[in-house]
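Only one structure is covered here, and it is reproduced in the block below.
Take a look at the structure:
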């Protein structure tokens, strides 16, 4: 079996009245993050929430970003030198405090 | 530009004292779901939460399942005929009430 990969996800919980500039996030912040993290990131995705479990329900998250890496150490080593730059850019697109999760990818097909 | 895809995510929020049978989920429930949903699902991943934003922090989610589909309608059409089967199986692996989100995939690389 191949070594399992990890996923570092950044969730932006939906909050009434909050601000999230999707254009800035996709066109400025994400290229900055992808460039800074370099080859430590094997795959990246960004989702923008549309609906919740019912068609009239708000999505739990305004946005979700997921970085797939070989290990949490690989991500941390790549992230830490750029932490101030990347975290300092958050206020430019949102006032939502992000929630972080590190997961093991157990199924991917 | 290619038509954007949607992601239907099922989050199981971490709760102290809750039950989640990872083996049953990966070996029984997910094959059942993947078989039932068929070709509507273009990609599927399952993550099991390891840590939160700090090494001593619990992950926000015990598990996250993500189905990538061409549209929410494609997912719903495939899911509804099997809704009772799939939802009825949840109690076999967890007592956590899942949280659902439908997102637009805006970046994937």
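Residue numbers (this note's numbering), protein chains in the order written: chain V, 1 to 109; chain Y, 1001 to 1109. Even glycine gets a Cβ: it sits at the ideal position worked out from N, Cα and C.
In the assembly as shown, residue 1007 (chain Y) is a buried residue. Its beta-carbon has 16 or more other beta-carbons within 10 Å.
Around the beta carbon of residue 97 (chain V), fewer than 16 other beta carbons sit within 10 angstroms, so the residue counts as exposed. Spanning the alpha carbons of residue 1016 (chain Y) and residue 1057 (chain Y) requires a straight line of approximately 13 Å. Counting every other CB atom within 10 Å of its CB across the protein chains shown gives residue 45 (chain V) a total of 16 or more, marking it as buried. Below the 7 Å Cβ cutoff, chain V contributes 105, 107 and 108 as neighbours of residue 1045 (chain Y), in chain order.
Judged by their CB atoms, residue 74 (chain V) and residue 40 (chain V) are nearer to each other than the 8 Å cut-off.
Annotation: residue 1095 (chain Y) to residue 1106 (chain Y) spans about 32 Å, alpha carbon to alpha carbon.
Here residue 72 (chain V) has 6 and 102 as same chain residues with Cβ atoms under 6 Å from its own Cβ, once five neighbours each way along the sequence are excluded.
Boundaries of the beta strand (DSSP E) harbouring residue 9 (chain V): 6–13, taken from the DSSP string. The beta-carbon separation of residue 86 (chain V) and residue 36 (chain V), rounded to 6 Å, stays under the 8 Å limit for a contact. In the three-state reduction of the DSSP assignment, residue 26 (chain V) falls in the helix class, which pools H, G and I. By the neighbour-count definition (other C-beta atoms within 10 Å, threshold 16), residue 1004 (chain Y) is an exposed residue.
Note on geometry: alpha-carbon atoms of residue 21 (chain V) and residue 1034 (chain Y) lie some 35 Å from one another.
Across the structure, residue 1031 (chain Y) and residue 83 (chain V) are spaced so that their CA atoms are roughly 39 Å apart. Within the same chain, Cβ atoms closer than 7 Å to the Cβ of residue 93 (chain V) are found at 20, 21, 24, 25 and 29, the five residues on either side in sequence being excluded.
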